[in-house]
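Per my numbering, the very first residue in the sequence shown carries number 10; after that it's consecutive.
Each residue gets a CB set at the ideal place from its N, CA and C atoms; glycine is no exception.
Written below as structure tokens is the structure these notes are about.
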Amino acid sequence: MSYLEMITRSNNSFAAFALRLPIGLTFMAHGAQKLFAWFGGYGLEGTGQWMASIGLEPGYLMALMAGSTEFFGGLALVFGLLVRPAAAMLAVTMLVAIFSVHFVNGLFMSNNGYEFALALLAVTVSLVVSGAGNLSLDNIIAKKQSN
10 MSYLEMITRS
20 NNSFAAFALR
30 LPIGLTFMAH
40 GAQKLFAWFG
50 GYGLEGTGQW
60 MASIGLEPGY
70 LMALMAGSTE
80 FFGGLALVFG
90 LLVRPAAAML
100 AVTMLVAIFS
110 VHFVNGLFMS
120 NNGYEFALAL
130 LAVTVSLVVS
140 GAGNLSLDNI
150 IAKKQSN
């Protein structure tokens, strides 16, 4: 079994699609806030300054990495392309967000806590384990690899 087949193979369930679509769009929106200042975000400069202020240095590079992971990782989830590696990178991003920003504020979002990031982490870990499922480019790639 090739490495490509290993990371694209999954079951033919629609469950992963039900997770991928809304979570992918959510990640894309958050990434667009960081990268392009869309949807009320601060763009790379503003996000980079904020990240530097909380100790994530160099701030601009951290903003670029987090924004790119969220935007392009979210895009990968939406299309179901290389979902396992994209979801793994998004999971790491959520771990950083939880422990560098939200954990000290407790669980609840109303206090800037980690509950939303934890939910996103749970979905991304689930997708790392399950793969893209049905209605995905990964499913098409895996079928071609097995022939």
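8 Å contact criterion, which residue i and residue j should meet: CB distance rounded
i: residue 32; j: residue 132; result: 5 Å
i: residue 38; j: residue 23; result: The Cβ separation is near 23 Å, so there is no contact.
i: residue 40; j: residue 79; result: 3 Å
i: residue 77; j: residue 130; result: That belief does not hold up - the Cβ atoms of residue 77 and residue 130 are roughly 18 Å apart, past 8 Å.
Residue i - DSSP class collapsed to helix/strand/coil
i: residue 66; result: coil
i: residue 89; result: coil
i: residue 21; result: coil
i: residue 50; result: coil
i: residue 120; result: helix
Contact under 8 Å by Cβ, residue i with residue j
i: residue 72; j: residue 85; result: no
i: residue 99; j: residue 146; result: no
i: residue 61; j: residue 52; result: no
Where the alpha helix (DSSP H) through residue i begins and ends
i: residue 113; result: That residue, residue 113, is in no alpha helix (DSSP H); it is neither H nor E in DSSP.
i: residue 143; result: No alpha helix (DSSP H) contains residue 143, which DSSP labels as neither H nor E.
i: residue 11; result: Note, residue 11: premise wrong, no alpha helix (DSSP H); not H, not E.
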